[in-house]
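Using our numbering, you'd call the opening residue of the sequence shown number 7 and step up by one each time.
Ideal Cβ positions, reconstructed from N, Cα and C, are used throughout, including at glycine.
All values derive from a computational prediction rather than experimental measurement.
Below is one structure; the comments refer to it alone.
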Amino acid sequence: MTDTSTAAASNSASKSLLARFFGILTSPRETYQDVVAHPKWLGMLALTSIAVALLVGGYLVTRVGQDAWLTQAQNSNAAFGRQMSDQQIEGMEKIAPYVGYFAAVQMLIGLPLISAIVAGLLFAVFNAALGGEASFKQVFAVVVHAGPIGLLSQAFSMPVNYARGTLTGAANLGVLVPMLDERSFLSHFLGTIDLFLVWQLIVLAIGLSVLYKRRTQPIATTLLVLYGVIGAAIAGYMSMRGGG
7 MTDTSTAAAS
17 NSASKSLLAR
27 FFGILTSPRE
37 TYQDVVAHPK
47 WLGMLALTSI
57 AVALLVGGYL
67 VTRVGQDAWL
77 TQAQNSNAAF
87 GRQMSDQQIE
97 GMEKIAPYVG
107 YFAAVQMLIG
117 LPLISAIVAG
127 LLFAVFNAAL
137 GGEASFKQVF
147 AVVVHAGPIG
157 LLSQAFSMPV
167 NYARGTLTGA
177 ANLGVLVPML
187 DERSFLSHFL
197 GTIDLFLVWQ
207 LIVLAIGLSV
217 LYKRRTQPIA
227 TTLLVLYGVI
237 GAAIAGYMSM
247 RGGG
(Lines of atoms letter the chains of each structure in order from A and count residues from 1; the text may use other names and numbers.)
(Lines give C-alpha, C1' and ligand atoms only; values in the text may rest on other atoms or scores of the structure.)
Protein backbone atom coordinates (compact mmCIF):
# COMPACT_ATOMS: atom_id res chain seq x y z
CA MET A 1 0.00 0.00 0.00
CA THR A 2 2.75 2.47 0.92
CA ASP A 3 4.79 1.62 -2.20
CA THR A 4 1.72 2.13 -4.41
CA SER A 5 0.83 5.42 -2.72
CA THR A 6 4.38 6.74 -2.95
CA ALA A 7 4.61 5.76 -6.61
CA ALA A 8 1.32 7.53 -7.29
CA ALA A 9 2.59 10.64 -5.50
CA SER A 10 5.77 10.63 -7.59
CA ASN A 11 3.68 10.61 -10.78
CA SER A 12 1.50 13.50 -9.67
CA ALA A 13 2.26 17.18 -9.23
CA SER A 14 3.84 18.21 -5.93
CA LYS A 15 1.55 19.66 -3.29
CA SER A 16 1.76 23.39 -2.69
CA LEU A 17 3.61 24.76 0.33
CA LEU A 18 0.40 25.59 2.18
CA ALA A 19 -1.11 22.20 1.34
CA ARG A 20 1.96 20.50 2.80
CA PHE A 21 1.92 22.78 5.86
CA PHE A 22 -1.67 21.98 6.80
CA GLY A 23 -1.35 18.40 5.56
CA ILE A 24 1.38 17.67 8.12
CA LEU A 25 -1.06 18.74 10.85
CA THR A 26 -4.09 16.84 9.55
CA SER A 27 -2.88 13.94 7.37
CA PRO A 28 0.87 13.49 7.88
CA ARG A 29 1.24 10.10 6.17
CA GLU A 30 -0.37 11.24 2.94
CA THR A 31 1.62 14.48 3.04
CA TYR A 32 4.90 12.67 3.64
CA GLN A 33 4.23 10.43 0.65
CA ASP A 34 4.28 13.60 -1.43
CA VAL A 35 7.36 14.95 0.38
CA VAL A 36 9.30 11.74 -0.21
CA ALA A 37 8.35 11.76 -3.89
CA HIS A 38 9.10 15.49 -4.25
CA PRO A 39 11.67 16.34 -1.52
CA LYS A 40 11.31 20.12 -1.55
CA TRP A 41 12.49 21.72 1.67
CA LEU A 42 13.47 25.36 1.14
CA GLY A 43 9.99 26.89 1.22
CA MET A 44 8.94 25.01 4.36
CA LEU A 45 12.20 25.74 6.14
CA ALA A 46 11.98 29.43 5.31
CA LEU A 47 8.32 29.65 6.35
CA THR A 48 8.75 27.94 9.70
CA SER A 49 12.07 29.60 10.58
CA ILE A 50 10.89 33.12 9.76
CA ALA A 51 7.55 32.65 11.51
CA VAL A 52 9.17 31.25 14.68
CA ALA A 53 11.73 34.08 14.64
CA LEU A 54 8.95 36.66 14.42
CA LEU A 55 6.95 35.04 17.23
CA VAL A 56 9.86 34.62 19.65
CA GLY A 57 11.57 37.87 18.74
CA GLY A 58 8.28 39.74 18.76
CA TYR A 59 7.54 38.64 22.30
CA LEU A 60 10.99 39.55 23.57
CA VAL A 61 10.91 43.06 22.12
CA THR A 62 7.94 43.83 24.37
CA ARG A 63 8.46 45.10 27.89
CA VAL A 64 6.68 42.02 29.25
CA GLY A 65 9.04 39.72 27.36
CA GLN A 66 12.12 41.62 28.48
CA ASP A 67 11.01 41.51 32.12
CA ALA A 68 10.37 37.77 31.74
CA TRP A 69 13.86 37.31 30.29
CA LEU A 70 15.45 39.21 33.18
CA THR A 71 13.45 37.25 35.74
CA GLN A 72 14.39 33.93 34.17
CA ALA A 73 18.07 34.88 34.14
CA GLN A 74 17.99 35.76 37.83
CA ASN A 75 16.02 32.62 38.73
CA SER A 76 18.40 30.41 36.75
CA ASN A 77 21.39 31.82 38.59
CA ALA A 78 19.62 31.46 41.93
CA ALA A 79 18.79 27.82 41.15
CA PHE A 80 22.51 27.13 40.82
CA GLY A 81 23.30 28.96 44.02
CA ARG A 82 24.62 32.09 42.31
CA GLN A 83 23.36 35.52 43.27
CA MET A 84 23.62 38.14 40.54
CA SER A 85 25.31 41.38 41.58
CA ASP A 86 23.70 44.77 41.07
CA GLN A 87 26.22 45.46 38.32
CA GLN A 88 25.28 42.24 36.49
CA ILE A 89 21.58 43.04 36.73
CA GLU A 90 22.20 46.56 35.48
CA GLY A 91 24.19 45.17 32.54
CA MET A 92 21.40 42.78 31.62
CA GLU A 93 18.84 45.58 31.81
CA LYS A 94 20.88 47.47 29.22
CA ILE A 95 20.94 44.42 26.95
CA ALA A 96 17.24 43.60 27.39
CA PRO A 97 15.90 45.94 24.64
CA TYR A 98 17.99 44.06 22.07
CA VAL A 99 17.25 40.51 23.23
CA GLY A 100 14.31 40.13 20.87
CA TYR A 101 16.48 40.88 17.84
CA PHE A 102 19.20 38.52 19.03
CA ALA A 103 16.59 35.79 19.56
CA ALA A 104 15.13 36.28 16.08
CA VAL A 105 18.56 35.94 14.46
CA GLN A 106 19.27 32.91 16.63
CA MET A 107 16.06 31.25 15.39
CA LEU A 108 16.86 32.04 11.75
CA ILE A 109 20.29 30.45 12.08
CA GLY A 110 19.61 27.81 14.71
CA LEU A 111 16.51 26.12 13.29
CA PRO A 112 18.07 25.28 9.89
CA LEU A 113 21.26 24.16 11.64
CA ILE A 114 19.38 21.90 14.06
CA SER A 115 17.35 20.45 11.17
CA ALA A 116 20.56 19.67 9.30
CA ILE A 117 22.14 18.01 12.34
CA VAL A 118 19.04 15.90 13.05
CA ALA A 119 18.80 14.91 9.39
CA GLY A 120 22.48 13.96 9.37
CA LEU A 121 22.09 11.74 12.43
CA LEU A 122 18.98 10.05 11.03
CA PHE A 123 20.64 9.59 7.65
CA ALA A 124 23.60 7.92 9.33
CA VAL A 125 21.41 5.61 11.41
CA PHE A 126 18.94 4.56 8.73
CA ASN A 127 21.31 4.45 5.75
CA ALA A 128 24.66 3.43 7.19
CA ALA A 129 23.50 1.32 10.13
CA LEU A 130 20.19 -0.07 8.85
CA GLY A 131 20.90 -0.30 5.13
CA GLY A 132 18.41 2.30 3.92
CA GLU A 133 18.72 3.85 0.48
CA ALA A 134 17.16 7.30 0.88
CA SER A 135 19.05 10.40 -0.17
CA PHE A 136 20.10 13.04 2.35
CA LYS A 137 17.82 15.50 0.56
CA GLN A 138 14.84 13.24 1.26
CA VAL A 139 15.77 12.83 4.93
CA PHE A 140 16.29 16.58 5.30
CA ALA A 141 12.92 17.27 3.68
CA VAL A 142 11.23 14.83 6.08
CA VAL A 143 12.82 16.55 9.09
CA VAL A 144 11.98 20.04 7.83
CA HIS A 145 8.35 19.09 7.25
CA ALA A 146 7.91 18.31 10.94
CA GLY A 147 8.51 22.04 11.44
CA PRO A 148 4.86 23.21 11.27
CA ILE A 149 4.24 21.56 14.64
CA GLY A 150 7.14 23.49 16.16
CA LEU A 151 5.65 26.67 14.72
CA LEU A 152 2.25 25.77 16.16
CA SER A 153 3.94 25.26 19.53
CA GLN A 154 5.36 28.78 19.47
CA ALA A 155 2.07 30.24 18.26
CA PHE A 156 0.44 28.65 21.31
CA SER A 157 3.18 29.40 23.83
CA MET A 158 4.00 33.04 23.08
CA PRO A 159 0.51 34.48 23.82
CA VAL A 160 0.27 32.33 26.96
CA ASN A 161 3.70 33.45 28.10
CA TYR A 162 2.80 37.07 27.40
CA ALA A 163 -0.33 36.75 29.53
CA ARG A 164 1.66 35.11 32.34
CA GLY A 165 4.76 37.26 31.92
CA THR A 166 7.05 34.22 31.73
CA LEU A 167 9.40 32.39 29.37
CA THR A 168 8.65 28.90 30.64
CA GLY A 169 7.10 26.23 28.45
CA ALA A 170 3.34 26.55 28.21
CA ALA A 171 2.62 23.00 27.04
CA ASN A 172 4.89 20.84 29.20
CA LEU A 173 3.62 18.32 31.74
CA GLY A 174 5.08 20.33 34.60
CA VAL A 175 2.27 22.89 34.38
CA LEU A 176 -0.18 20.14 35.38
CA VAL A 177 1.49 19.59 38.76
CA PRO A 178 2.28 23.03 40.20
CA MET A 179 2.20 21.56 43.72
CA LEU A 180 5.53 19.77 43.18
CA ASP A 181 8.73 21.21 44.58
CA GLU A 182 10.18 23.01 41.53
CA ARG A 183 13.67 21.85 42.53
CA SER A 184 12.74 18.16 42.54
CA PHE A 185 13.74 15.65 39.88
CA LEU A 186 10.11 14.90 38.98
CA SER A 187 9.27 18.57 38.54
CA HIS A 188 12.28 19.11 36.28
CA PHE A 189 11.56 15.92 34.33
CA LEU A 190 7.91 16.75 33.69
CA GLY A 191 9.02 20.23 32.68
CA THR A 192 11.14 18.76 29.88
CA ILE A 193 8.24 16.79 28.38
CA ASP A 194 6.59 19.16 25.93
CA LEU A 195 3.38 17.87 24.35
CA PHE A 196 4.03 19.62 21.05
CA LEU A 197 7.48 18.06 20.84
CA VAL A 198 5.97 14.62 21.52
CA TRP A 199 3.55 15.26 18.65
CA GLN A 200 6.43 16.45 16.45
CA LEU A 201 8.46 13.30 17.15
CA ILE A 202 5.49 11.07 16.30
CA VAL A 203 4.96 12.93 13.03
CA LEU A 204 8.68 12.65 12.27
CA ALA A 205 8.43 8.91 12.89
CA ILE A 206 5.59 8.74 10.36
CA GLY A 207 7.74 10.54 7.81
CA LEU A 208 10.67 8.19 8.39
CA SER A 209 8.39 5.17 8.11
CA VAL A 210 7.13 6.40 4.73
CA LEU A 211 10.65 7.19 3.52
CA TYR A 212 12.25 3.91 4.63
CA LYS A 213 9.14 1.73 4.28
CA ARG A 214 9.24 0.62 7.89
CA ARG A 215 6.60 0.37 10.61
CA THR A 216 5.90 3.63 12.41
CA GLN A 217 5.54 2.27 15.95
CA PRO A 218 9.14 1.08 16.51
CA ILE A 219 10.53 4.33 15.12
CA ALA A 220 8.19 6.45 17.25
CA THR A 221 8.94 4.39 20.35
CA THR A 222 12.69 4.77 19.84
CA LEU A 223 12.46 8.54 19.35
CA LEU A 224 10.22 8.99 22.39
CA VAL A 225 12.38 6.81 24.63
CA LEU A 226 15.47 8.75 23.53
CA TYR A 227 13.62 11.99 24.32
CA GLY A 228 12.71 10.65 27.76
CA VAL A 229 16.30 9.62 28.48
CA ILE A 230 17.59 13.07 27.52
CA GLY A 231 14.86 14.67 29.65
CA ALA A 232 15.77 12.48 32.61
CA ALA A 233 19.46 13.39 32.27
CA ILE A 234 18.62 17.10 32.19
CA ALA A 235 16.26 16.73 35.14
CA GLY A 236 18.88 14.85 37.14
CA TYR A 237 21.47 17.51 36.49
CA MET A 238 19.09 20.37 37.32
CA SER A 239 17.81 18.78 40.51
CA MET A 240 21.36 18.00 41.63
CA ARG A 241 22.55 21.55 40.99
CA GLY A 242 19.41 23.01 42.53
CA GLY A 243 19.68 20.98 45.70
CA GLY A 244 16.53 18.95 45.02
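Fewer than three Cβ pairs drawn from the stretch 119-132 and the stretch 94-109 lie within less than 8 angstroms of each other, which leaves the two stretches out of contact. The C-beta separation of glutamine 80 from methionine 90 comes to about 6 angstroms, placing the pair in contact by the 8 angstroms criterion. Excluding sequence positions up to five before and after alanine 110, its CB lies within less than 6 angstroms of the CB of Ala59, Gly63, all in the same chain and listed in chain order. A direct Cα-to-Cα measurement between phenylalanine 146 and glutamine 112 gives close to 20 angstroms. Valine 209 and leucine 230 do not touch by the CB rule: their CB atoms are close to 12 angstroms apart, not below 8 angstroms. Per DSSP, asparagine 167 has no beta-bridge partner at all. A direct Cα-to-Cα measurement between valine 70 and glycine 175 gives close to 16 angstroms.
Annotated as proximal: lysine 21 and threonine 37, with beta-carbon spacing under 8 angstroms. Look at aspartate 200 here: in three-state DSSP terms it is strand. When rounded, the separation of the alpha-carbon atoms in isoleucine 236 and asparagine 167 is 25 angstroms.
Taking 8 angstroms as the upper bound for CB-CB distance, glycine 156 and glutamine 93 are not in contact here, some 37 angstroms apart.
About 18 angstroms separates the beta carbon of threonine 54 from that of proline 165, a gap too long to meet the 8 angstroms contact definition.
Going by C-alpha positions, leucine 66 is about 37 angstroms away from alanine 130. The C-alpha of glycine 137 is placed about 38 angstroms away from the C-alpha of alanine 161. A residue is called buried when at least 16 other Cβ atoms come within 10 angstroms of its Cβ; arginine 221 does not meet this threshold and is exposed. DSSP places alanine 176 in no alpha helix (DSSP H); its state is neither H nor E. For the pair glycine 171 and alanine 74, the CB atoms are nearer than the 8 angstroms cut-off.
Alanine 211 is positioned such that its CB atom lies closer than 8 angstroms to that of isoleucine 225. According to the DSSP assignment, valine 62 belongs to the alpha helix (DSSP H) that extends over 48-66.
The beta carbon of alanine 57 lies closer than 7 angstroms to those of Leu157 in the same chain, with the five residues before and after it left out. According to the DSSP assignment, aspartate 92 belongs to the alpha helix (DSSP H) that extends over 92-129.
Scanning its chain for C-beta atoms nearer than 6 angstroms, with the 5 sequence neighbours on each side dropped, one finds around leucine 128 the residues Val145, in chain order.
Taking all protein chains shown into account, proline 34 has 16 or more neighbouring C-beta atoms within 10 Å of its C-beta and is therefore buried. The distance from the Cβ of phenylalanine 191 to that of glycine 234 is about 13 angstroms, inconsistent with a contact at the 8 angstroms cut-off.
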